[in-house]
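Protein chains in written order, with the working numbering: chain A, 934 to 1155; chain B, 934 to 1155.
Where a beta carbon is used, it is the ideal one built from N, C-alpha and C, also for glycine.
Step one of this worksheet: look at the structure below.
2 protein chains.
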Amino acid sequence: MQIAIPIYEGFTALDAIGPYDVLSRLPGAEVVFCAEERGEKRTESAMVGITADLSLDEVPSPDVIVVPGGTGNRRLLDPEGGVPRWIAQVHPGTTWTTSVCTGSLLLAAAGVLDGVEATTHWAARDRLAELGAVPVTERVVERGKVMTAAGVSAGIDMALTLAGRIAGDVVSQAIQLGIEYDPDPPHDTGSLEKAPRELVELVETALAQEDARSDELLTGAT
Amino acid sequence: MQIAIPIYEGFTALDAIGPYDVLSRLPGAEVVFCAEERGEKRTESAMVGITADLSLDEVPSPDVIVVPGGTGNRRLLDPEGGVPRWIAQVHPGTTWTTSVCTGSLLLAAAGVLDGVEATTHWAARDRLAELGAVPVTERVVERGKVMTAAGVSAGIDMALTLAGRIAGDVVSQAIQLGIEYDPDPPHDTGSLEKAPRELVELVETALAQEDARSDELLTGAT
């Protein structure tokens, strides 16, 4: 089973690596990182790079795709662009088509989510609706063979759910124990619904600054 | 503030990227991935590579270190080896010295944990004790400026705790909301204490196979 994770300049590392570290433990699974062009892609902060070993053209028929989010994908939403076009091409042949965080915007740009209930990062729900999907607030949304996860860390929960669908609950439970996923966050502010309003506003401001900084990094402007 | 994450062939991606995606959001923080020699390091499955932008020698005085685990570090536990020697050199000058999963074995090899309470992946507690530390079963263990996390995913909880110590609770809460960390795992089998005995045995067998496979990958044997 080939599981493809398409990355790009300005993706969010944890969106990709959370699911990677779950799904790479599935018996018989091969996880491949791919991109429009092979080579290192930097994350949205540009502080680290992850290697795409294959180009998208070299991954024509993955069984599963996991599309990560990241501020960098705002410039990739043209349906004729490389990533959405690849998603549209491979989706009919996948067993599962999935996304984490704003990766769902790329699924939507590819036409996969037209009228389909899906999720994304809480700050991108309006954008997801503009692209034709029907945003819902669940952390992991499964509709047919399309599974979408909420922001960043939700990819771990999604990947464990997906592992259960692919290989059964015992394997999923074993992977959860293997990565010692017994979460114990220090606060209870991890969702839009639970966080106080002033915290949400603080983060919205920070995210806007992050978008601007990421744009600067990606365009080389200072 | 410079936060250094030393990586090596056969590290666990999520051990490093969980904390990275939390700590890279700290205002004013620069996160650097480093290794004995610059360049791409492959994870324990070898299915993906992450770039070390700097050599350890080029990171002589980090403010914070986060040492990830991974089956590859079993061959790095010689106190005179590059990673333990670097840890021993930089530790006196850090504000925080931290680890995720079996990264604590490297801290122990460096002499940082002699007689100190610490944690590690549940399957490595005996090994941690052999190296002079005092294993405890908490998910995040803070003793002075040394903070250790349990297996793999625990690095996210640790990094949020660390973010709070460094920049205060509001910043930590904002980061938690930013990465939408409101975990909802599909099972309740994520710790040694919660998992049924037969599941633990299944995972112990899988981990032993993974160790052997990782050894093969690292040595080039087939």
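- With a threshold of 7 Å between beta carbons, Val1033 of chain B makes no contact with chain A.
- Going by beta carbons, Ser994 of chain B and Met980 of chain A fall outside the 7 Å limit.
- Between the C-alpha atoms of Asp954 of chain B and Thr945 of chain A there is a straight-line separation of about 8 Å.
- The shortest C-alpha to C-alpha distance from Thr1122 of chain A to any of B:Asp1121, B:Lys1127, B:Ile1112 and B:Thr1122 is the one to B:Ile1112.
- Lys1127 of chain A counts as exposed, since fewer than 16 other beta carbons sit within 10 angstroms of its beta carbon.
- About 7 Å separates the beta carbons of Asp986 of chain B and Arg971 of chain B, which is inside the 8 Å limit, making them a contact pair.
- In the DSSP annotation of this structure, Gly982 of chain B is not part of any alpha helix (DSSP H); the continuous beta strand (DSSP E) holding it starts and ends at Gly982 to Ala985.
- Scanning chain A for C-beta atoms nearer than 9 Å to the C-beta of Leu947 of chain B yields Leu947, Ile950, Gly951, Tyr953, Asp954, Val955, Ile1089 and Ile1112, reported in chain order.
- Look at the beta carbons and you see the stretch 1062-1072 of chain A not touching the stretch 1074-1091 of chain B: under three pairs across the two are nearer than 8 Å.
- At a beta-carbon threshold of 9 Å, the residues of chain B lying near Arg1072 of chain A are Glu1113, Asp1115, Pro1116 and Asp1117, ordered along the chain.
- In the structure shown, Pro952 of chain A adopts helical secondary structure according to DSSP, grouped into three states.
- Nearest C-alpha to Ile1108 of chain B among B:Ser1037, B:Asp1090 and B:Ser1124: B:Asp1090.
- Ser1032 of chain A carries a strand assignment under DSSP once its states are collapsed to helix, strand and coil.
- The beta carbon of Gly1036 of chain B sits closer than 6 Å to those of Val1000, Pro1001 and Gly1002, all from its chain and outside the five residues before and after it, given in chain order.
- In the same chain as Thr1004 of chain A, and ignoring 5 residues on each side of it, the C-beta atoms closer than 6 Å to its own belong to Gly943, Glu977, Asp1144 and Ser1147, in chain order.
- When DSSP reads this structure, Ser988 of chain B sits in a beta bridge with B:Ala968.
- Against chain B, a Cβ distance below 9 Å from Trp1055 of chain A picks out Leu1110 and Glu1113.
- By the beta-carbon neighbour count (other beta carbons within 10 angstroms, threshold 16), Pro1129 of chain A is exposed.
- At a beta-carbon threshold of 8 Å, the residues of chain B lying near Glu963 of chain A are Met980, ordered along the chain.
- Taking the Cβ atoms as the reference, Val1033 of chain B lies roughly 6 Å from Pro952 of chain B, within the contact range of under 8 Å.
- In summary, Asp1115 of chain B is buried, with 16 or more beta-carbon neighbours lying within 10 Å of its beta-carbon over all protein chains present.
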